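Novice: Take 1 as the starting number for the sequence shown in the UniProt record's numbering and just add one per residue. Here a beta-carbon is modelled for each residue, glycine too, at the ideal position from N, C-alpha and C. Since this is a predicted model, take the numbers as computed values, not measurements.
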Amino acid sequence: MSETQSKTAKRKEKKSKGQKEAGSSTLLKEQPLLTGKSVTKNKWKMFKQEMEKDKWPRCLTNGAGDQALIQSLTTGRVQDIATILQNEKLPCSSVCMNKCLIMSSYRGSKLALVYLISSGTDPNCADEHGNTALMVCALRGFLDMAKLLVCHKADINRCNQDGDTALLLALNEAGATDMVRLLTNKLTVNKKNKNGYSPLMKAIELSNLDTIQMLIEAGALIDDSINGETILEMANKKGIEKFLEIYMESKIRNEPLLICAVKRRDLNLVKTIYVSQPNCLNVQNAKGETALTAILQILRDNNKSITANDRNIIKFLLLNGVDISLKTVKKPKGKKNQQLESPLILAVHTDDPDVISWLCLCGAEVNQRVNTDELTPLMVAAKFGHSRALEALLSAGADIEATCKDGTALDIALTSTRIDVAKLLIETYGKKNPKEAFQIAIERKELKLLEHLSSKFPLDKDIYSILIVALQMGDLNIIKFLSGLGLGEMDNRPLLHGAVKLGKTDLVQALINSSFDVNLRDSVGDTPLHYSCAGDNPQLVRMLLKAGADMNVKNVAGKTAFFVAIERNNPEIIQALLDKETAQ
Numbered sequence: 001m002s003e004t005q006s007k008t009a010k011r012k013e014k015k016s017k018g019q020k021e022a023g024s025s026t027l028l029k030e031q032p033l034l035t036g037k038s039v040t041k042n043k044w045k046m047f048k049q050e051m052e053k054d055k056w057p058r059c060l061t062n063g064a065g066d067q068a069l070i071q072s073l074t075t076g077r078v079q080d081i082a083t084i085l086q087n088e089k090l091p092c093s094s095v096c097m098n099k100c101l102i103m104s105s106y107r108g109s110k111l112a113l114v115y116l117i118s119s120g121t122d123p124n125c126a127d128e129h130g131n132t133a134l135m136v137c138a139l140r141g142f143l144d145m146a147k148l149l150v151c152h153k154a155d156i157n158r159c160n161q162d163g164d165t166a167l168l169l170a171l172n173e174a175g176a177t178d179m180v181r182l183l184t185n186k187l188t189v190n191k192k193n194k195n196g197y198s199p200l201m202k203a204i205e206l207s208n209l210d211t212i213q214m215l216i217e218a219g220a221l222i223d224d225s226i227n228g229e230t231i232l233e234m235a236n237k238k239g240i241e242k243f244l245e246i247y248m249e250s251k252i253r254n255e256p257l258l259i260c261a262v263k264r265r266d267l268n269l270v271k272t273i274y275v276s277q278p279n280c281l282n283v284q285n286a287k288g289e290t291a292l293t294a295i296l297q298i299l300r301d302n303n304k305s306i307t308a309n310d311r312n313i314i315k316f317l318l319l320n321g322v323d324i325s326l327k328t329v330k331k332p333k334g335k336k337n338q339q340l341e342s343p344l345i346l347a348v349h350t351d352d353p354d355v356i357s358w359l360c361l362c363g364a365e366v367n368q369r370v371n372t373d374e375l376t377p378l379m380v381a382a383k384f385g386h387s388r389a390l391e392a393l394l395s396a397g398a399d400i401e402a403t404c405k406d407g408t409a410l411d412i413a414l415t416s417t418r419i420d421v422a423k424l425l426i427e428t429y430g431k432k433n434p435k436e437a438f439q440i441a442i443e444r445k446e447l448k449l450l451e452h453l454s455s456k457f458p459l460d461k462d463i464y465s466i467l468i469v470a471l472q473m474g475d476l477n478i479i480k481f482l483s484g485l486g487l488g489e490m491d492n493r494p495l496l497h498g499a500v501k502l503g504k505t506d507l508v509q510a511l512i513n514s515s516f517d518v519n520l521r522d523s524v525g526d527t528p529l530h531y532s533c534a535g536d537n538p539q540l541v542r543m544l545l546k547a548g549a550d551m552n553v554k555n556v557a558g559k560t561a562f563f564v565a566i567e568r569n570n571p572e573i574i575q576a577l578l579d580k581e582t583a584q
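Put into structure tokens, the structure is as follows:
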């Protein structure tokens, strides 16, 4: 090479190098500064571009690997599909892959579906009738494959040539509840096909209660019609109209389905709901009610008499394990939780012994205090006069002596003027201890209870303690009643003598006014005047003298009342006797 040629080559090389540097400098100047989200977005874009480079081009039709792909699918050699799809030398066409996706959906081949989707097959491709792979899976009940397609953006709102969505196709057979749940949204729930059928109409035709409920909860319209027939009329033909109504009621009230059913007091409805939803038994509403407390609350609030059907509903709930423990309703922060009345307390208000007995047999705590007044179920029965409930509680072992701020159940019954209930309670005391029962009745000055006891429990004629209580309480009517029973003597002392001995001035006067004999002698010959002279109450002495008491009557020992007074050396009493003698 000549010197001239050598210099020319060097100049060209230098010029070329300068142009490259200039170009590089210009490129750097034109490239924007990437920061924050723009850097992340740009990196993701570059990553996708690199991934696209790794993919070999797909032909639209007539791919070299089409025949092998179809053959492996039709012969069941699914494991070969992945190898065929990854063969760059024998690429499969898009048309063939779409066709195989539909075929795998019909065949229920999940693995083939996975291979095809992962190789870029369009999840929304359709056959000649417009059916997508998702529609086929919905129709044939392939739930797992349908889930896979939905995860890979299969369009659940798409329709085939008949206007059917995947949801409508899923409703061609009963038992498609999970599939329906997957395919239901605001757009599909009321979308009709070309024949005018909505998903709810199809579910009613199949009498699929779970699906009907699901569709209604998702917003299905029940005021629709087809060929002049309303949805309610369709349901009525199938005998499920009441279920349709209760599903709507549950949605509107935002209340558990079983609670809505028991509020209708329909046993068959309750049973059907429970069978279809076994876990609904103890579901609570916003008030904290379960199905059991809801029906008991209705019977209480509306003062409705319990029917045989109500009993059967309650029995059904109990036999299937409904919770009978106490419930609380959570309140907002800063406020106390509200304790609800127990099922047993609510049952007391039904006054039904069977229901109360069932609850106790199922483990209800018969003496549990459950409200702010700390009343036991027995006290509640006494307060409201529920006599049959009270008897059932007593039979179940209720504590008759339990007390609250208002006393025992008997006290509450008397305060509430529930005399029939009080009689039952006092009779229960009498069965344990007749004498104690009589004393309780006398202490409470309840003549009716005393009369009831005397008809149930005969007493000995010398029951001293009962008469002492009667005299101490000073109720003349009770004393007269006891006297009429032949209990007019206590320890061989007439009642007037006892009243004088106890110093009951008002009672003594009442007995005198009631014509009690002031000169009647006891077993040792003492008159009431002897008793008064042995005491320290001059008023009683004057009262007896005024009533005609004889000062000269002697007892067995030969002592007159005046002699007894001198022995006691009470000047006022002696003076009263002297005044009487002078007046005579």
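1. Please state the DSSP three-state secondary structure of G321.
2. If you run the structure through DSSP and keep just helix, strand and coil, what is I226?
3. May I have the straight-line CA-CA distance separating D411 from A499, to the nearest angstrom?
4. At what residues does the alpha helix (DSSP H) containing E451 begin and finish?
5. At 4 residues or longer, what runs of the alpha helix (DSSP H) sit wholly inside the UniProt repeat "ANK" (524-556)?
6. Closest to L168 by C-alpha separation, out of K237, L394, F142 and M135, would be which residue?
7. DSSP state of P199, grouped into three classes?
8. At 3 residues or longer, and completely inside the UniProt repeat "ANK" (129-161): list those beta strand (DSSP E) runs for me, N to C.
9. Do the stretch 87-95 and the stretch 127-144 meet, that is, are 3 or more Cβ pairs less than 8 Å apart?
10. Going along the chain, which residues of its own chain have a beta-carbon closer than 6 Å to the beta-carbon of A235, five neighbours each way excluded?
11. Are P343 and T376 close, meaning C-beta to C-beta below 9 Å?
12. Identify which residue in L425, L73, R444 and G407 has its Cα closest to the Cα of G385.
13. Does DSSP put A441 in a helix, a strand or coil?
14. Count the CB pairs spanning the stretch 346-358 and the stretch 297-316 that are closer than 8 Å, and state whether there are at least three.
15. Quick check on D66: buried or exposed, where buried means 16 or more other Cβ atoms within 10 Å of its Cβ?
16. Do you know whose CA, among K504, K448, L529 and A138, lies nearest I468's CA?
17. Taking only three categories from DSSP, how would you classify G407?
18. Start and end of the alpha helix (DSSP H) containing Q297?
19. Less than 9 Å separating the beta-carbons of I345 and V370?
20. Under a three-way DSSP split, which group does A364 fall into?
21. Thinking C-alpha only, which one of L257, M201, A170 and S118 is nearest residue 595?
22. So, for I314: in the same chain, excluding its five sequence neighbours on each side, which residues have a beta-carbon less than 6 Å away from its beta-carbon?
23. Please return the same chain residues whose Cβ sits closer than 7 Å to the Cβ of P123, not counting the five positions on each side in sequence.
24. Helix, strand or coil: which one does DSSP assign to residue 632?
25. What span of residues does the alpha helix (DSSP H) with A396 cover, start to end?
26. May I ask you to report which of helix, strand or coil DSSP gives A218?
27. Rounded to a whole number of angstroms, what is the C-alpha to C-alpha distance between L578 and L502?
28. On the CB-based measure, 16 or more other CB atoms within 10 Å of its CB, does D536 come out buried or exposed?
29. According to DSSP, simplified to helix, strand and coil, what is P377?
30. Using the Cα positions of C260 and S305, report the straight-line distance between them to the nearest angstrom.
31. Between S455 and F316, what straight-line distance do the alpha-carbon atoms span, to the nearest angstrom?
32. Find the nearest neighbour of A398 within the set E436, D406 and A389, judged by alpha-carbon distance.
33. Is the distance from the Cβ of Q71 to the Cβ of L111 below 9 Å?
34. What does a CB cutoff of less than 7 Å around M179 pick up in its chain, not counting 5 residues either side in sequence?
35. Where does V256 sit, in a helix, a strand or coil, going by DSSP?
36. If we call anything under 9 Å between Cβ atoms a contact, is F457 one with A437?
Specialist: On the basis of the data shown:
1. Of the three classes helix, strand and coil, the one that applies to G321 here is coil, per DSSP.
2. Strand, per DSSP.
3. Per the coordinates, the alpha-carbon of D411 lies some 27 Å from the alpha-carbon of A499.
4. Under the DSSP assignment, E451 falls in the alpha helix (DSSP H) whose first and last residues are L447 to K456.
5. Within the UniProt repeat "ANK" (524-556), the complete alpha helix (DSSP H) runs of at least 4 residues are 528-533 and 538-546.
6. Ranking the options by Cα distance to L168, first place goes to M135.
7. P199 falls in the helix class under three-state DSSP.
8. Listed in chain order, nothing qualifies, since the UniProt repeat "ANK" (129-161) has no complete beta strand (DSSP E) run of 3 or more residues.
9. The answer is no - the stretch 127-144 does not touch the stretch 87-95, with fewer than three Cβ pairs under 8 Å.
10. Correct list, in chain order: I204, E241 and L244.
11. Cβ distance not < 9 Å, so P343 and T376 don't count as in contact.
12. G385 has its Cα closest to that of L425, out of L425, L73, R444 and G407.
13. Under the three-state reduction of DSSP, A441 is assigned to helix.
14. A contact exists between the stretch 346-358 and the stretch 297-316.
15. Classified as buried, D66 has 16 or more neighbouring CB atoms from the shown chains inside 10 Å of its CB.
16. The shortest Cα separation from I468 among K504, K448, L529 and A138 belongs to K504.
17. Of the three classes helix, strand and coil, the one that applies to G407 here is strand, per DSSP.
18. Segment A291 to D301, the alpha helix (DSSP H) holding Q297.
19. In contact: I345 and V370 (Cβ atoms closer than 9 Å).
20. In the three-state DSSP reduction, A364 falls in the coil class, being neither helix nor strand.
21. The chain is shown only over 1 to 584; residue 595 falls outside these bounds and no answer can be derived.
22. These residues qualify, in order along the chain: V355.
23. Contacts found: I117, A133, L149, H152, K153 and A154.
24. Since the first and last residues shown for the chain are 1 and 584, residue 632 lies out of range.
25. Careful: A396 lies outside any alpha helix (DSSP H) and carries neither H nor E.
26. Coil at A218, not helix or strand.
27. For L578 and L502, the distance between alpha carbons rounds to 24 Å.
28. When all chains shown are included, D536 counts as exposed.
29. When secondary structure is reduced to three states using DSSP, P377 falls in the helix class.
30. In this structure, the straight-line span from the alpha carbon of C260 to that of S305 is close to 20 Å.
31. Each residue's alpha carbon lies about 42 Å from the other.
32. Ranking the options by Cα distance to A398, first place goes to A389.
33. No, Cβ-Cβ distance for Q71 and L111 is not below 9 Å.
34. Excluding residues up to 5 positions away in sequence, A138, G141, L143, A146 and A170 lie with their Cβ nearer than 7 Å to the Cβ of M179 in the same chain.
35. The residue you asked about is not Val; residue 256 is Pro in the sequence shown. For P256, the three-state secondary structure derived from DSSP is coil.
36. In this structure, F457 sits near A437, with a CB-CB distance shorter than 9 Å.
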